[in-house]
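Engineer: Dropping the structure in here first, questions after.
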Amino acid sequence: MASSTSLAIVLHQSSNHDELFMKQTLQFSETLKDLKNLRKQLYSAAEYFETSYGKAEHKETVIETLKEYAAKAVVNTVDHLGSVSDKFNSFLSDNSTHFSTTHLRLSSLEQRMRLCRDYMGKSGTHQHLLLFQYPRHHKRYFFPQQGRGTSFSAGDDSHRFTSAVRSTILENLPNTARKANKTGSFSFAPIVHNNINNRTPNKRSNSPMRFPLLRSGSLLKRSSSPSQPKKPPLALPEPQRAISVSRNTEIVEIKQSSSRKGKKILMFKALMSMSKSRN
Amino acid sequence: MAKAGGITNAVNVGIAVQADWENREFISHISLNVRRLFEFLVQFESTTKSKLASLNEKLDLLERRLEMLEVQVSTATANPSLFAT
Chain R
1 MASSTSLAIV LHQSSNHDEL FMKQTLQFSE TLKDLKNLRK QLYSAAEYFE
51 TSYGKAEHKE TVIETLKEYA AKAVVNTVDH LGSVSDKFNS FLSDNSTHFS
101 TTHLRLSSLE QRMRLCRDYM GKSGTHQHLL LFQYPRHHKR YFFPQQGRGT
151 SFSAGDDSHR FTSAVRSTIL ENLPNTARKA NKTGSFSFAP IVHNNINNRT
201 PNKRSNSPMR FPLLRSGSLL KRSSSPSQPK KPPLALPEPQ RAISVSRNTE
251 IVEIKQSSSR KGKKILMFKA LMSMSKSRN
Chain P
1 MAKAGGITNA VNVGIAVQAD WENREFISHI SLNVRRLFEF LVQFESTTKS
51 KLASLNEKLD LLERRLEMLE VQVSTATANP SLFAT
């Protein structure tokens with residue numbers, strides 16, 4: 001119902017507007033016709049007064065009527081021209097207002113199109129950015145720059161390296177702890193061996209990483225881990241390793257012979273005490 | 001009598017001259033107003049011509065912008081894959 005009434009109101013307003021517009025156009029056309037006919041009327045009036053002035057006896061009255069007619073004609077022309085100019089101005093102003101409204105609509109449409117284009121461009125760039133996958137490196141692979149030497153005890157690089165290692169340890173601690181509990185072969189206690197590998201016990205005992213790291217670009221030379229204690233270091237030369245192995249075998253033999261001698265002495269003492277008690 | 005006739009003739013001539021001057025004044029007024037009307041018409045013609053020319057330029061500009069927008073909309077509707085995000 002409301003829509004029908006609003007439609008009727010709109011139709012009525014439009015009909016009124018059309019009627020007014022038609023009336024204005026009719027008046028404008030009539031005034032234009034009057035202006036066009038004014039010239040003929042003036043010429044005919046001039047001829048009539050000329051003839052009447054020559055024939056009639058009352059020339060003064062003819063002159064007076066001519067004057068009045070001329071004045072009225074001028075006034076009428078002024079009125080006609082004023083009305084025409086006013087209507088033309090109103091017509092131009094209406095058209096200018098229509099032009100401004102259409103200009104605003106067009107500008108809004110252009111702005112919408114620009115916004116759509118910008119949105120499309122941004123969405124395309126976003127899609128491209130999502131398609132590109134950046135390479136991800138773990139922190140434990142951050143090593144000092146090449147050419148600074150192998151020592152990590154001094155300098156900013158060593159601090160960075162130690163901090164990176166600590167962070168990786170903290171990150172991987174739950175996983176490593178779980179693995180150690182499962183296997184049961186990992187402990188933080190320092191392991192003491194008689195092997196040559198125990199020459200650097202601090203490094204191996206403090207290392208919680210049981211798995212070997214990929215050290216293709218590393219400057220560290222930690223060759224062993226606590227899970228592999230019997231592996232000899234790769235840096236040792238062959239003669240030194242042979243000598244150390246022979247010394248180990250000798251020490252073991254000496255220890256075994258001393259233990260055998262102690263056992264024999266204990267057996268002898270026991271036998272002696274038994275014979276004394278029998279006597 | 002002759003003197004009286006001469007005086008009346010002189011008065012009549014004077015009256016006729018005054019009437020003639022009045023008529024001339026009226027004609028001058030009418031001609032001045034007609035000239036003003038002519039000047040007004042000339043000025044009105046120039047102003048209307050300039051206003052109509054400016055309005056025509058604006059309408060041409062609007063028409064071109066409308067055509068451009070129509071072309072853009074037609075291309076966008078012809079390629080719906082551009083709007084697929």
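So the protein sequences, as listed, match chains R and P.
Residue numbers for the first sequence follow UniProt numbering, so the first one is 1 and each next one is one higher.
Residue numbers for the second sequence follow UniProt numbering, so the first one is 1 and each next one is one higher.
Cβ atoms here follow ideal geometry from the backbone N, Cα and C, with glycine treated the same way.
As the structure is a prediction and not an experimental result, all values here were calculated from the model.
Consult DSSP for S79 (chain P) and reduce its assignment to one of helix, strand or coil.
Structural biologist: Note on identity: in this sequence residue 79 (chain P) is Asn, with Ser being the wrong assignment. Looking at N79 (chain P) - three-state DSSP - the assignment turns out to be coil, as it is neither helix nor strand.
Engineer: Report yes if the C-beta of L109 (chain R) is less than 7 Å from at least one heavy atom of the ligand ATP; otherwise report no.
Structural biologist: Absent from the structure shown: the ligand ATP. Ligands present: none.
Engineer: Could you give the first and the last residue of the continuous alpha helix (DSSP H) run that contains K117 (chain R)?
Structural biologist: Note that residue 117 (chain R) is Arg in the sequence shown here, rather than Lys. It spans K59 to L131 - the alpha helix (DSSP H) in which R117 (chain R) sits, taken as one unbroken run.
Engineer: Please state the DSSP three-state secondary structure of F152 (chain R).
Structural biologist: Model confidence at F152 (chain R) stands at a pLDDT of 47, short of 50, so the residue's coordinates are unreliable and nothing is read from them.
Engineer: For R136 (chain R), which of helix, strand or coil comes out of DSSP?
Structural biologist: Note: R136 (chain R) maps to coil in three-state DSSP.
Engineer: Give every residue of the same chain whose Cβ lies closer than 8 Å to the Cβ of D118 (chain R), excluding the five residues on either side of it in the sequence, and list them in chain order.
Structural biologist: If we look at D118 (chain R) and ignore the five residues flanking it on each side, it has no Cβ neighbours.
Engineer: E110 (chain R): which of P:T77, P:N79, P:Q72 and P:A78 sits nearest, CA to CA?
Structural biologist: Closest option to E110 (chain R), Cα to Cα, is P:Q72.
Engineer: Would you mind stating whether residue 280 (chain R) and L62 (chain P) have Cβ atoms separated by less than 8 Å?
Structural biologist: A query on residue 280 (chain R) cannot be resolved here, the shown segment of chain R reaching from 1 to 279 and no further.
Engineer: Taking all protein chains shown into account, do 16 or more other C-beta atoms lie within 10 angstroms of the C-beta of T249 (chain R), making it buried, or fewer, making it exposed?
Structural biologist: Under this definition T249 (chain R) is an exposed residue.
Engineer: If I measure Cβ to Cβ from A73 (chain R) and keep anything under 8 Å in the same chain, skipping five residues before and after, which residues do I get?
Structural biologist: Only L38, Q41, L42 and A45 meet the Cβ criterion.
Engineer: Going along the chain, which residues of its own chain have a beta-carbon closer than 7 Å to the beta-carbon of residue 317 (chain R), five neighbours each way excluded?
Structural biologist: One cannot answer for residue 317 (chain R) here, as it falls past the ends of chain R, which runs 1 to 279.
Engineer: Which chain R residues are close to K58 (chain P), counting only those with a beta carbon under 7 Å from its beta carbon?
Structural biologist: Per Cβ cutoff of 7 Å: F99.
Engineer: Between the segment 9 to 19 of chain R and the segment 60 to 75 of chain R, can you find at least three pairs of beta-carbon atoms closer than 8 Å?
Structural biologist: The segment 60 to 75 of chain R, when compared against the segment 9 to 19 of chain R, does not touch it at the 8 Å Cβ threshold.
Engineer: So, is the C-beta of K40 (chain R) closer than 8 Å to a C-beta in chain P?
Structural biologist: Not closer than 8 Å to any Cβ of chain P, the Cβ of K40 (chain R) fails to qualify, so no.
Engineer: Got a sec? Which residues, its chain only, sit under 6 Å from A10 (chain P) by beta carbon, not counting five neighbours each side?
Structural biologist: Nothing meets the Cβ criterion.
Engineer: With a 10 Å radius around its C-beta and 16 neighbouring C-beta atoms as the bar for buried, classify T8 (chain P) as buried or exposed.
Structural biologist: Counting Cβ neighbours within 10 Å, T8 (chain P) comes out exposed, since fewer than 16 surround it.
Engineer: I want to see whether chain R comes within less than 8 Å of N79 (chain P), judged by CB atoms only; does it?
Structural biologist: Not one chain R Cβ lies under 8 Å of N79 (chain P).
Engineer: Cα separation between E253 (chain R) and M274 (chain R)?
Structural biologist: About 32 Å.
Engineer: Below 8 Å between beta carbons: does that hold for L66 (chain P) and S96 (chain R)?
Structural biologist: No. Outside cutoff.
Engineer: Please classify V42 (chain P) as buried or exposed, where buried requires at least 16 neighbouring CB atoms within 10 angstroms.
Structural biologist: That one is exposed.
Engineer: Closer than 8 Å, CB to CB, is K36 (chain R) near chain P or not?
Structural biologist: No, K36 (chain R) does not count as interfacial toward chain P.
Engineer: Please report how far the alpha carbon of H29 (chain P) lies from the alpha carbon of F91 (chain R), in whole angstroms.
Structural biologist: C-alpha separation (whole angstroms): 33 Å.
Engineer: Is the Cβ-Cβ distance between L115 (chain R) and L69 (chain P) less than 8 Å?
Structural biologist: Not in contact: L115 (chain R) and L69 (chain P) (Cβ atoms no closer than 8 Å).
Engineer: Quick check: the Cα distance between A270 (chain R) and S258 (chain R), rounded to an integer number of angstroms?
Structural biologist: When rounded, the distance between both Cα atoms is 19 Å.
Engineer: Step through the CB atoms of chain P and report whether any lies within less than 8 Å of the CB of N16 (chain R).
Structural biologist: It does not: the Cβ of N16 (chain R) has no partner Cβ on chain P nearer than 8 Å.
Engineer: At 7 Å on the CB atoms, spell out the chain P contacts of H103 (chain R), in chain order.
Structural biologist: By Cβ distance, chain P contributes L62.
Engineer: Run through chain P and tell me which residues come within less than 8 Å of I63 (chain R), C-beta to C-beta.
Structural biologist: Under the 8 Å cutoff, chain P gives N23.
Engineer: Could you list which residues in chain R have their beta carbon closer than 9 Å to that of R65 (chain P), in chain order?
Structural biologist: Result: H103, L106, S107, L109 and E110.
Engineer: On the premise that K58 (chain P) lies in contact with F88 (chain R), defined as a C-beta separation below 8 Å, what is that separation, rounded to the nearest angstrom?
Structural biologist: Rounded, the Cβ-Cβ distance is 17 Å, inconsistent with contact.
Engineer: State yes or no: is the beta carbon of V17 (chain P) nearer than 8 Å to at least one beta carbon in chain R?
Structural biologist: No - not a single Cβ of chain R is within 8 Å of the one on V17 (chain P).
Engineer: Which residues in chain P sit within 7 Å of residue 282 (chain R), going by Cβ to Cβ distance?
Structural biologist: Within the shown structure, residues of chain R are numbered from 1 to 279, placing residue 282 (chain R) beyond reach of any answer.
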